[in-house]
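Following the working numbering, the numbering of the sequence shown begins with 232 at its first residue and continues without gaps. Beta carbons are placed, not taken as given, at the ideal position from N, Cα and C, and that holds for glycine. Have a look at the structure below, then the notes.
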Amino acid sequence: MAQHEQFIRQCIALAISAAKKGNEPFGALLVHGGKVIMTAENTVTGDNDFTRHAELNLVVNSQRAFSSDMLQESILYTSTAPCILCTGAIWFAGISKIVYSVSYESFVKLVAPEYKYISCKEIFQRLETAAEIVGPILEKEGLGGFQFWK
232 MAQHEQFIRQ CIALAISAAK KGNEPFGALL VHGGKVIMTA ENTVTGDNDF
282 TRHAELNLVV NSQRAFSSDM LQESILYTST APCILCTGAI WFAGISKIVY
332 SVSYESFVKL VAPEYKYISC KEIFQRLETA AEIVGPILEK EGLGGFQFWK
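What follows is the structure, given as structure tokens:
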């Protein structure tokens with residue numbers, strides 16, 4: 232778990248950065264060979280597009296920049312467990328390693344009691360795709376990022 236903490240903290244910092252820009256507090260990054268190769272923030276408000284989640288921004292940009300083999304070998308880190316939209320994009324990109332900070336359950340309790348979710352683990356299982364899903368990691372720190380959500 233310790234190897235994941237540095238990357239999760241970067242995701243939390245990206246989430247706070249997004250929130251300070253007026254967007255929703257979510258951040259994600261892609262790691263290959265132990266190095267960050269791409270980062271992304273939520274840009275829903277700034278882009279006036281409800282699909283511009285951090286993970287989706289990351290997947291779209293990384294598919295343009297890297298080979299599918301590289302994506303399959305990479306780990307996607309995110310400040311909060313990815314939603315169904317983002318999980319679908321992650322799956323289509325061939326990324327099967329996801330590490331997150333804030334769990335669905337904690338997110339729902341904190342900010343969105345009406346939010347309905349299907350976990351990324353369940354989605355990968357339903358699609359009969361092996362996946363490594365790790366989390367929550369540093370959840371209390373991750374939850375702190377939501378204080379910047381306006």
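| Check | Outcome |
| --- | --- |
| Using the Cα positions of Y335 and S298, report the straight-line distance between them to the nearest angstrom. | 30 angstroms |
| Suppose you measure from the CA of I239 to the CA of R357; what does that come to, to the nearest Å? | 27 angstroms |
| Rank K266, F257, Q303, S293 by C-alpha distance to the C-alpha of T276 and give the top, closest one. | F257 |
| Assign T274 to one of three DSSP states: helix, strand, or coil. | coil |
| Check the C-beta distance from A296 over to S327 and give it rounded, since I have them as a contact under 8 angstroms. | Not quite, the Cβ-Cβ distance comes to about 19 angstroms (not below 8 angstroms), so this is no contact. |
| What distance in whole Å lies between the Cβ atoms of T309 and E272, which are believed to be in contact at a cut-off of 8 angstroms? | Contact doesn't hold; Cβ gap of about 11 angstroms is too wide. |
| Measuring CA to CA, which of K251, N279, A250, L307 is closest to M269? | L307 |
| On a Cα-Cα basis, can you pick out the residue from L316, K266, E304, P367 that is closest to V330? | P367 |
| Who pairs with A259 in a beta bridge, going by DSSP? | A271, T309 |
| Beta-carbon within less than 7 angstroms of C317's beta-carbon, same chain only, minus the 5 sequence neighbours each way: which residues are those? | H284, E286, L287 |
| Whole angstroms is fine: what's the gap from S248's alpha carbon to P344's? | 24 angstroms |
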